[in-house]
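Listed in order, the protein sequences are those of chains A and B.
The first sequence begins at 4 in the numbering used here and counts up by one.
The second sequence begins at 41 in the numbering used here and counts up by one.
Idealized CB from N, CA, C, for every residue including glycine.
Note that the structure is predicted; figures quoted are calculated from it, not measured.
Read through the structure below, which is laid out as structure tokens, and then see the notes.
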Amino acid sequence: MMKYAYFPGCSAETTGKSFTISTSYVADKIGVELVEIPDWNCCGTSAAALTSPELAVALPARSLAISERELPGLDVVAPCAGCYRSLKASLAYARESQENRDQIKRIINAPYEAKADVLTLLEVFESDDVREAITAKVQRKLRCLKVACYYGCAMVRPADVCECDNVEDPQQMDELMRLIGAEPVSWAFKTECCGAAQQMTVPVQAKPMIERIFQNAAANGADCIVTSCPLCMLNLDMREAEINAARVARGEEPFDIPCYYFTELIGLAMGAEPDEVGIGIHFHPAKTLLLQRELDALELEYAENEARAAEERKKAEMAAKIAAKKAEKAAKAAAAKSTDVAAEAEEVAR
Amino acid sequence: MRSLNLSAISDADRRACEAIAGEAGVNLKDCYQCGKCTAGCPLADSMDLMPREVIRYLQLGAIDIVLDAKTPWICAQCVVCSSRCPQNVDICSVMRAVRLASKHAGKRPVPEADIFDDEFIANVRAHGVSNEQYLAAFYNLKSGHLMQDMGNATRMLARGLVGPAIHNTKGRANVAAVIDRALEADAERRAKAAETRGGEA
Ligand code: SF4
Ligand code: SF4
């Protein structure tokens, strides 16, 4: 049993509900226990950073200090990329020097030694144990589903804070998708920002940020976008309709690209029904594609079975032919031998 | 780039620009104006100064142009610029430092951005967590964009994603105290920095 301190973040019970539902579904199946940090508070996200550097450090530090006291020895998992970056940046600052830690302790008025690490859910899922557990629980592979894995900006950048070694082309989610049989496409917008806050403050200017992400996913043959962040998810999934309306008005084709959390797809592969992992409450219709691809996968499997059966038949025919030839050869050899024996006997008789 | 009367730039202007760079942990001389930051910026189309130009004006000491620019207030803090800069200039942090300096100078070139962040922190100060539905409502009220995202609000309600219930953290008084102490420490640091700058002059 792997155990972590869990920082749900403000969207966990609201706009990110499907992420929470599917995460707990998958975590249960693979034996990962997530213990909620008692009395955690909002991480402050970029609003805190754009208000005051001290505030940006202090808000996450309060929750991390509670976790250190109440859940000692457990690393902290923050599924939301926005929370992750805030927590991780605060942690990095605390680990820089004793002076920084003293300053934090003064502000949060609590002991804090920055002992625990902060992880994304993808990092938890990166371990061999978790991968083996997932493989063992897969009941049906999501074959034929072409996915564009979208990591967004906050999980990978700044690279030194996020300890990310492949900022332009991260692979963790792609690998998980391969593990459950889906086909990750290679595309250019994996870590492009979707402008979650900008959609509120400068909506006209920020809309193209989302549109370009859909466009690039579509251009590279993706059926859907897979994400690991509730802010990205809400932004893409909820606003696809607005973007489509504008496209239609301009005489362009609308997109039909559902978005999923990677945990939802892993849940499906483990045998969950779409509603069980929260897919039923998405904005853009997300079930039809899954049904279509399940059908495609079945048809593909059927065709593969057919091909295999034909192959078997061919093999059997060949084997029969070989056996017949062998028998023919053996019979001829025996006949020749008996003539030889007869000739020898004749010679001996003479 | 606008044409600039360099002799009109004072020592105080230059020091103010250096102070911003210092806050961001950046050496302005590192930037050789290649423009890679701008090339990758997802919002460059909508900015009045390109990210590269923000650095250039700071190099030149043109503090007023920088503090009045919309760019740092539009910036999404996505860190693409810093991550791709061949000179390791942390432009994203520069954007943040400019925006804070602009805010503390009483400017808000993109009022919506300022209102959004203030409302966000007020929401966290009151409840310990952020209640998205009330954040959106207050933001719309204060920014005057009353109908923005109203269609989406209805769609969220229909899916049970938001409701009228306010979520509160048990220790929300404690969270408010943390916010207040952090902002006090922030004000102290700024006062001290202003003093040193004044002393140098
Ligand atoms: S990428 Fe770096 S060196 Fe090039 S213009 Fe931008 S800040 Fe200057
Ligand atoms: S951090 Fe700001 S300036 Fe830099 S690339 Fe992102 S939006 Fe552009």
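Going by CA-CA distance only, name the one from the options that's closest to residue i.
i: Thr291(A); options: Asp259(A), Val251(A), Tyr96(A); result: Asp259(A)
i: Leu175(B); options: Ala64(A), Pro173(A), Ala50(A); result: Ala50(A)
i: Leu294(A); options: His285(A), Glu309(A), Pro277(A); result: Pro277(A)
i: Thr236(B); options: Asp220(B), Val129(B), Ala59(B); result: Ala59(B)
i: Asp163(A); options: His285(A), Tyr96(A), Leu37(A), Gln106(A); result: Tyr96(A)
i: Thr204(A); options: Gln73(B), Arg195(B), Ala84(B), Asp189(B); result: Asp189(B)
i: Tyr153(A); options: Gln106(A), Pro161(A), Met180(A); result: Met180(A)
i: Tyr9(A); options: Ala275(A), Val38(A), Arg88(A), Asn103(A); result: Val38(A)
i: Lys108(A); options: Met135(B), Ala225(B), Pro126(B), Gly238(B); result: Ala225(B)
i: Glu129(A); options: Gln218(A), Val35(A), Ser89(A), Ala336(A); result: Val35(A)
i: Arg72(A); options: Ala113(A), Glu16(A), Ala225(A), Arg143(A); result: Ala113(A)
i: Lys210(B); options: Glu307(A), Asp177(A), Glu331(A), Cys45(A); result: Cys45(A)
i: Phe192(A); options: Glu186(A), Arg215(A), Ile183(A), Ser55(A); result: Arg215(A)
i: Glu127(B); options: Asp104(B), Met187(B), Gln73(B); result: Residue 127(B) is actually Gln in this sequence, not Glu. If we check each option's Cα against that of Gln127(B), Gln73(B) comes out closest.
i: Ala64(A); options: Arg230(B), Asn214(B), Arg229(B), Ala233(B); result: Asn214(B)
i: Val29(A); options: Ile228(A), Arg146(A), Ile137(A); result: Ile137(A)
i: Ala193(B); options: Ala177(B), Asn208(B), Ser183(B); result: Ala177(B)
i: Asp88(B); options: Cys57(B), Ile114(B), Leu46(B); result: Ile114(B)
i: Arg124(B); options: Ile110(A), Ala334(A), Lys144(A), Thr194(A); result: Thr194(A)
i: Ser70(A); options: Val121(A), Cys13(A), Ala326(A), Glu314(A); result: Val121(A)
i: Lys32(A); options: Cys147(A), Arg311(A), Val280(A); result: Val280(A)
i: Arg229(B); options: Ser55(A), Lys332(A), Ser14(A), Ala310(A); result: Ser55(A)
i: Leu223(B); options: Val159(A), Met236(A), Ile110(A); result: Ile110(A)
i: Lys182(B); options: Cys118(B), Asp154(B), Leu98(B), Ala102(B); result: Asp154(B)
i: Gly184(A); options: Ser66(A), Ala272(A), Gly47(A); result: Ala272(A)
i: Asp177(A); options: Ala275(A), Leu268(A), Pro233(A); result: Leu268(A)
Short of 7 Å in beta carbon distance, which residues of its chain neighbour residue i, apart from the five on each side in sequence? Order them along the chain.
i: Asn247(A); result: Pro257, Phe258
i: Ala216(B); result: Arg165
i: Asn163(B); result: Ser170, Asn171, Tyr174, Leu175
i: Ile24(A); result: Val280, Gly281
i: Arg353(A); result: none
i: Ala227(B); result: none
Within its chain, find whatever has a CB closer than 8 Å to the CB of residue i; leave out the 5 residues flanking it on each side and keep chain order.
i: Leu107(B); result: Val138, Ala141, Ser142, Ala145, Lys147
i: Lys210(A); result: Gln202, Arg242, Glu245, Ile246, Ala249
i: Ala241(B); result: Because Ala241(B) carries a pLDDT of 49, less than 50, the predicted location of this residue cannot be relied on, and no value is offered for it.
i: Val94(B); result: Val106, Ala109, Thr111, Pro112, Ile131, Val134, Met135, Val138
i: Arg221(B); result: none
i: Asp70(B); result: Gln127, Asn128, Val129
Taking DSSP's pairing of strands, which residues face residue i in a bridge?
i: Pro187(A); result: Val150(A)
i: Gly37(A); result: Per the sequence shown, residue 37(A) should be read as Leu rather than Gly. Tyr7(A), per the DSSP bridge assignment.
i: Val229(A); result: Cys152(A), Tyr263(A)
i: Val79(A); result: Ala8(A), Val121(A)
Leaving out five residues before and five after residue i in sequence, what residues of the same chain have Cβ atoms less than 6 Å from its Cβ?
i: Phe217(A); result: Phe258, Ile260
i: Glu350(A); result: none
i: His285(A); result: Asp240
i: Ala323(A); result: none
i: Val229(A); result: Val150, Cys152, Tyr263, Phe265
i: Leu68(B); result: Ala61, Leu98, Gln99
Quiz item: Relative to chain A, which residues along the region 211–225 of chain B have a C-beta separation below 9 Å, given in chain order?
Solution: If the cut-off is 9 Å between Cβ atoms, the region 211–225 of chain B has Gly211, Arg212, Asn214, Val215, Ala217, Val218, Ile219, Arg221, Ala222, Leu223, Glu224, Ala225 near chain A.
Exercise. Entirely within the region 233–295 of chain A and at least 3 residues each: give me those beta strand (DSSP E) ranges in chain order.
Key: Secondary structure in the region 233–295 of chain A: the beta strand (DSSP E) runs of 3 residues or longer, each lying completely within the stretch, are 262–264 in chain order.
Practice problem: Select from the region 126–137 of chain B all residues with a C-beta closer than 7 Å to any C-beta belonging to chain A, and list them in chain order. | Solution: Flagged, chain order: Arg136.
Exercise. May I have a chain-ordered list of the alpha helix (DSSP H) segments no shorter than 4 residues that lie completely inside the region 49–103 of chain B?
Key: Runs of the alpha helix (DSSP H) inside the region 49–103 of chain B: 51–64, 76–80, 91–100.
Practice problem: Could you name each continuous beta strand (DSSP E) segment of 3 residues or more that falls completely within the region 117–176 of chain A, going from the start of the chain to the end? | Solution: You should have 149–153.
Self-check item: Within 8 Å of chain A by C-beta, residues of the region 79–107 of chain B in sequence order
Solution: Cβ proximity to chain A below 8 Å picks out Pro82, Leu83, Asp85, Ser86 from the region 79–107 of chain B.
Practice problem: Residues of the region 170–203 of chain A with a CB closer than 9 Å to any CB of chain B: list them in chain order, please. | Solution: Within the region 170–203 of chain A, those residues whose Cβ lies closer than 9 Å to any Cβ of chain B are, in chain order, Val170, Glu171, Thr194, Glu195, Cys196, Cys197, Gly198, Ala199, Ala200, Gln201, Gln202, Met203.
Practice problem: Could you run through the region 138–169 of chain A and flag, in chain order, every residue whose CB is less than 7 Å away from some CB of chain B? | Solution: Going along the region 138–169 of chain A in chain order, one finds Cys156, Arg160, Pro161, Ala162 with a Cβ nearer than 7 Å to chain B.
Self-check item: Residues, ordered as in the chain, of the region 276–301 of chain A that lie near chain B by beta-carbon distance below 7 Å
Solution: Those would be Ile284, Phe286, in chain order.
Exercise. Residues of the region 43–63 of chain A with a CB closer than 8 Å to any CB of chain B: list them in chain order, please.
Key: Across the region 43–63 of chain A, CB contacts with chain B closer than 8 Å involve Trp43, Asn44, Cys45, Gly47, Thr48, Ser49, Ala50, Ala51, Ala52, Leu53, Thr54, Ser55, Pro56, Glu57, Leu58, Val60, Ala61, Leu62, in sequence order along the chain.
Practice problem: Taking only beta carbons into account, state which residues of the region 107–124 of chain A come closer than 8 Å to chain B, listed in chain order. | Solution: Listed in sequence order: Arg109, Ile110, Ile111, Asn112.
Quiz prompt | Interfacial residues, the region 168–184 of chain B to chain A, with Cβ spacing under 7 Å | solution = Listed by position, the residues of the region 168–184 of chain B near chain A (Cβ gap below 7 Å) are Gly168, Val169, Ser170, Glu172, Tyr179.
Self-check item: Residues in the region 4–30 of chain A having any Cβ partner in chain B nearer than 8 Å
Solution: For the region 4–30 of chain A, which is checked against every Cβ of chain B, the residues closer than 8 Å are Cys13, Ser14, Glu16, Thr17, Thr18, Lys20.
Practice problem: Give, in chain order, every residue of the region 205–231 of chain A whose Cβ lies closer than 9 Å to some Cβ of chain B. | Solution: Here the close residues are Val205, Pro206, Val207, Gln208, Ala209, Pro211, Met212, Arg215.
Practice problem: Note down, in chain order, all residues in the region 253–273 of chain A with a beta-carbon under 8 Å from any beta-carbon belonging to chain B. | Solution: Answer set for the region 253–273 of chain A: empty.
Exercise. Please name the residues in the region 62–90 of chain A whose beta-carbon is closer than 8 Å to at least one beta-carbon of chain B, in chain order.
Key: The residues in question are Leu62, Arg65.
Exercise. Please name the residues in the region 310–325 of chain A whose beta-carbon is closer than 7 Å to at least one beta-carbon of chain B, in chain order.
Key: So nothing in the stretch comes that close.
Quiz item: Using a beta-carbon distance cut-off of less than 7 Å, what residues from the region 48–76 of chain B approach chain A?
Solution: Flagged: no residues at all.
Quiz item: Which runs of the alpha helix (DSSP H), 4 residues or longer, sit entirely within the region 126–210 of chain B?
Solution: Fully enclosed alpha helix (DSSP H) runs of 4 or longer: 131–144, 151–167, 172–183, 190–198.
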